[in-house]
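Peer 1: Here this note's numbering = 1-based position in the sequence shown + 1.
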Amino acid sequence: MARRVQQKNKKHGGQKKAIFSQPRRLATVKEACAYAKMGHTTLYEKINAKAIIAYKRGRKTLIDLDSIDVMNDRELKPWKSGK
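Structural data, given as structure tokens:
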């Protein structure tokens, strides 16, 4: 997730404005399915299990791709040869 940093704006009377240090990588459900190589049903199951972070903008669901990377790091195990 992006970390929010407060900074004073000198031009506008010292009002604080939020600056994000890293932009969020958001994708639609279709794009996130292609990125994660999983179907939309599995993707929604992972969202409901809180393994993947999703946001709503109006009717559109946006998926945080960084949360998919974190889920993969947590759930994927290296393959070991049988030899």
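Yeah, the Cβ is synthetic: ideal placement off N, Cα and C, and Gly gets one too.
Can you give the Cα-Cα distance for R60 and W80, rounded to whole angstroms?
Peer 2: Within the sequence shown, the letter at position 59 stands for residue 60. Within the sequence shown, the letter at position 79 stands for residue 80. Approximately 39 Å, taken between the alpha carbons.
Peer 1: Helix, strand or coil for A37? Go by DSSP, reduced to three states.
Peer 2: Residue 37 sits at position 36 when you count from the first residue of the sequence shown. The answer is helix: DSSP assigns A37 an H, G or I state.
Peer 1: For I64 versus A33, is the C-beta distance shorter than 7 Å?
Peer 2: In the sequence shown, the residue the question calls residue 64 occupies position 63. In the sequence shown, the residue the question calls residue 33 occupies position 32. The answer is yes: Cβ separation under 7 Å.
Peer 1: How many angstroms separate the CA atom of L44 from the CA atom of I53?
Peer 2: In the sequence shown, counting from the first residue as 1, residue 44 sits at position 43. In the sequence shown, counting from the first residue as 1, residue 53 sits at position 52. Near 8 Å, if we compare the C-alpha coordinates of I53 and L44.
Peer 1: Once the 5 residues before and after K31 are set aside, which same chain residues still bring their CB inside 8 Å of it?
Peer 2: Here residue 31 is taken as the residue at index 30 of the sequence shown, counted from 1. Around K31: H41.
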